[in-house]
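Peer 1:
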Amino acid sequence: MPDQSTPFPKSWGLHALAVLTAWIIGPAMAYFGYYGLGSEETVIVVLSGAALLAGPMLVVAAPFMPRPSSGPCPLCGAKMYSFWQAADALLVCPSCAACATASNETLTLLPMTNVADVPAYPAALPWDDVVENPGKTVAFSAQDVAMDKLSELITRNAGVRVIDKWPPGCSVCGAQATQSEAASAEVLIKGRALETKATLLAHGIPHCAAHSNGVAFGRVEFAGSPTEGDAFGLKFRSHAYREAFRKLNPHKFDRQANGPLKIRTA
Ligand SMILES: [Zn+2]
Ligand SMILES: [Zn+2]
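Numbering-wise (this note's numbering), the sequence shown opens with residue 1246 and increments by one.
1. Let me have the residue list for ligand 1: C-beta closer than 6 Å to any non-hydrogen atom, ordered along the chain.
2. Flag this pair as yes or no: are the beta carbons of Val1432 and Val1376 separated by less than 8 Å?
3. Considering only their Cβ atoms, is the gap separating Phe1498 from Ala1342 smaller than 8 Å?
4. Work out the CA separation of Ser1457 and Leu1292 for me, nearest whole Å.
5. Along the chain, where does the beta strand (DSSP E) that runs through Met1325 open and close?
6. Would you tell me roughly how many angstroms separate the C-alpha atoms of Pro1513 and Pro1301, rounded to the nearest one?
7. Trp1374: which of Cys1453, His1496, Thr1251, Gln1249 sits nearest, CA to CA?
8. Out of Leu1352, His1452, Ala1447, state which residue places its alpha-carbon closest to the alpha-carbon of Ala1480.
9. Just list the residues that DSSP pairs Leu1445 with in beta bridges.
10. List the residues that DSSP assigns as beta-bridge partners of Tyr1512.
11. Whose C-beta lies closer than 6 Å to the C-beta of Thr1251 among residues of the same chain, with five residues either side of it excluded?
12. Output the boundary residues of the beta strand (DSSP E) element that contains Pro1317.
13. Report the three-state DSSP secondary structure of Lys1492 (helix, strand or coil).
14. So which residues touch the region around ligand 2, with touch meaning a C-beta under 6 Å from any heavy atom?
15. What does DSSP give as the partner residues of Gly1294 in its beta bridges?
16. At what residues does the beta strand (DSSP E) containing Phe1462 begin and finish?
17. Buried or exposed: which applies to Gln1421, given that a residue is buried once 16 or more other Cβ atoms fall within 10 Å of its Cβ?
18. Quick check on DSSP: helix, strand or coil for Leu1513?
19. Please work out which residues of its chain come closer than 8 Å, Cβ to Cβ, to Thr1358, disregarding the five sequence neighbours upstream and downstream, and give them in chain order.
20. Smallest Cα separation from Phe1477: which of Ala1275, His1260, Phe1462, Ser1470?
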């Protein structure tokens, strides 16, 4: 497959927008930090102190942040963005999930031969109602502990959902597979009124004697506009194996499943 590249210029317009946003959020952090210092709760005082320090720092640092970039996906043409990601960060197209990297204001598709150190290249799940389980939050007060209990009660168990269609060969190197493994994740299922717990099970992932852990569940971040949501999906170490998996399991990411729009931070 030939290298496919598109222009990915840094934008003064996006930079101005980002600086303005920081100049609104920064003073707000300082304001709430200042008033939070008077709280009786130690945790709130600590968080408030941090906000009181970080707010003004954000205001001062924002103009000096690197400029964000934007340009068309090399594969499908959908608009992609990069906001302060590391230079070699993986940029996933919000429309077709093509994997690319940016350098010298150019967006280039990742070679098929790429193998990441940890599962990174995403594929969509067969279900469009799965959302990440954010896990237990720290209870700040007696009232919040009661809310935790309540959400335990309204959270029912929906059993196990299985993914078991895998391309042949090791999920990392593609060589003859000699064994298999599983990966799992506890997620929330979006219902009409209640959120339901479920376990996702990736079962029978093939691998060779030399490799394991080629596939994992996880949050997928897209190089879309900062107001677009993330998704929950499967991630692969091998780019080629991910493509083979997507041919077998041609599902689409449903970023709406993860709820309201979120501002992504660097
Ligand atoms: Zn694309
Ligand atoms: Zn292998």
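Glycine residues also receive a C-beta, built at the ideal position from the N, C-alpha and C atoms.
Peer 2: The relevant details are as follows:
1. Cys1318, Leu1320, Cys1321, Ala1323, Cys1338, Ser1340, Cys1341, Ala1343
2. yes
3. yes
4. 40 Å
5. 1324 to 1327
6. In the structure as shown, the chain begins at 1246 and stops at 1511. Residue 1513 is therefore absent and cannot be evaluated.
7. Per the sequence shown, residue 1374 should be read as Asp rather than Trp. Per the Cα distances, His1496.
8. A quick correction: the sequence has Lys, not Ala, at residue 1480. Among Leu1352, His1452, Ala1447, the Cα nearest to that of Lys1480 belongs to Ala1447.
9. Arg1406, Ala1430
10. Any answer about residue 1512 is impossible in this case: the structure gives the chain only from 1246 up to 1511.
11. Gly1316, Pro1317, Pro1319, Leu1352
12. 1314 to 1317
13. helix
14. Cys1415, Val1417, Cys1418, Ala1420, His1452, Cys1453, Ala1455, His1456
15. Its beta-bridge partners do not exist; DSSP assigns none.
16. 1460 to 1465
17. exposed
18. Since the first residue of the chain shown is 1246 and the last is 1511, residue 1513 is not available in this structure.
19. His1484, Ala1485
20. Phe1462
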